[in-house]
Amino acid sequence: AIAKTKSKLGGIDIVVNNAGIGSEGDKWELTIDINVKGTIKGTMAALDNLRKDKGGRGGVIVNVASMAGLNPNPCGPVYGASKAAIIMFSQCWAMNPDVVANGVRINVLAPAFVDTDLVRQLREGKGVNRPDIAAKMVDMVGIMPADQVAEAFLELVTDETKTNAILKISAKTGKSYQ
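Convert by adding 1010 to the 1-based position in the sequence shown; the result is the number in my numbering.
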């Protein structure tokens, strides 16, 4: 998809990998396949098309993780681990001297609860180990609209000083960099 877009538009400058499911229990492998493998595949394809030494013109990759990848999450250990993997993977590539020298920035957006189907399912106790804890966590942290996350995403894309940044965002605490 990236190569096709690059061909059609004459180049690409921004790639966002935003995979997110939260299956636990018997379907835990699906969470790893989509969240981790999907982000890795998307990032690798982006690097092949953004790097100046590979015919690209540089650019930025934003990998969407989650606050669950930064804080222990007893309701969704597989989900939390998948998002932690995305953070570490992104940081490793962002520090790679060849990636930096070829004009590619890599950042992570780590939102807390966003008004999505995934959060609605969490509040209903679907696909989590402890629905009682999940509901309390959502109430404590709050739910933010998707446009608030989009604004944070734009900050990571447009601020060219940001590379290897992790931007955390939640309804109650706002934005902060880790």
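Think of the CB as a built atom: it goes at the ideal place given N, C-alpha and C, for glycine as much as any other residue.
A quick note: this is a predicted structure, and the numbers were derived from the prediction, not measured.
Checklist entry - Is V1124 near I1143, with beta carbons less than 8 Å apart? => result no
Checklist entry - Looking at the unbroken beta strand (DSSP E) that takes in A1182, where does it start and where does it end? => result Residue identity check: residue 1182 is Lys in the sequence provided, not Ala. K1182 -> no beta strand (DSSP E), and no H or E assigned at all.
Checklist entry - Going by DSSP, what residues sit across from L1119 in a beta bridge? => result V1074 and L1177
Item to check | Spatial distance of V1114 from T1183 (CA atoms) | outcome: 30 Å
Next on the checklist: Give me the DSSP bridge partner(s) of G1069.
Outcome noted: V1114
Item to check | Whether I1179 touches P1121 by CB criterion (8 Å) | outcome: yes
Item to check | K1051 vs D1058 beta-carbon contact at 8 Å | outcome: no
Checklist entry - In whole angstroms, what separates the C-alpha of S1033 from that of A1091? => result 12 Å
Checklist entry - Buried or exposed: which applies to L1166, given that a residue is buried once 16 or more other Cβ atoms fall within 10 Å of its Cβ? => result buried
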